[in-house]
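Just so we're aligned, residue 9 is where the sequence shown starts under the numbering used here, counting upward by one.
Using N, Cα and C, we set each Cβ at its ideal position, and we do this for glycine too.
One structure is given below, encoded as structure tokens.
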Amino acid sequence: MKQSIELHVNKCFYDLEIESHRTLLEVLRNDLGLTGTKEGCDGGECGACTVLLDGLPVLSCLTLALDAQGRHIVTIEGLAHDNELGPIQTAFMEEGAIQCGFCTPGMILSAKALLDRNQKPTLEDIKEALSGNLCRCTGYTKPIRALLKLANK
């Protein structure tokens, strides 16, 4: 049975008819075409599907779309403005923190949540914020370096 919901994603409102069992990840990717949110493990282990829900990082593969109704959702697509990358995205590019790119959206959104609440994070703060995002390519050195660079501006 389908239900009507309204989602507020990247400052836009979407009226949708969805089955109640569908995850936020499925709706973002399949219904709204926001494919920057990646499906990795589909079990809450890798962090590739991280989005911000009312400013906090959540795993969209474990979040029902119905539970996101009435809340502010930000995906990686929502960080760019006027075709310009956001500061975290730019720092990741400048530091070579984007290798295969699969973990990058979730990692950047986790970093945004950290920097929104703490503009001068320590190395330990950064490591903790990124700990829910698995990355096989970078060894975390370059993403950490990018965030330290932002923190020291």
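Item: Taking 8 angstroms as the cut-off, is the CB of residue 63 close to at least one heavy atom of the ligand ZN?; Value: The ligand ZN is not part of this structure, which contains no ligands at all.
Item: Leaving out five residues before and five after residue 158 in sequence, what residues of the same chain have Cβ atoms less than 6 angstroms from its Cβ?; Value: 99
Item: For the stretch 67–81 against the stretch 102–112, do three or more pairs of beta-carbon atoms, one drawn from each stretch, fall closer than 8 angstroms, so that the two count as touching?; Value: no
Item: Between which residues of its own chain and residue 50 is the CB-CB distance below 6 angstroms, once the five residues before and five after are set aside?; Value: 69
Item: In its own chain, which residues sit with a C-beta less than 7 angstroms from the C-beta of residue 45, not counting the 5 before and 5 after it?; Value: 33, 36, 37, 57, 59, 68, 83, 84, 113
Item: With distances taken from CA atoms, which of 107, 160, 127, 121 is nearest residue 151?; Value: 107
Item: If we call anything under 9 angstroms between Cβ atoms a contact, is residue 74 one with residue 13?; Value: yes
Item: For residue 100, name the three-state secondary structure that DSSP assigns.; Value: helix
Item: Could you work out which residue in 132, 47, 28, 128 is closest to residue 161 when comparing CA atoms only?; Value: 128
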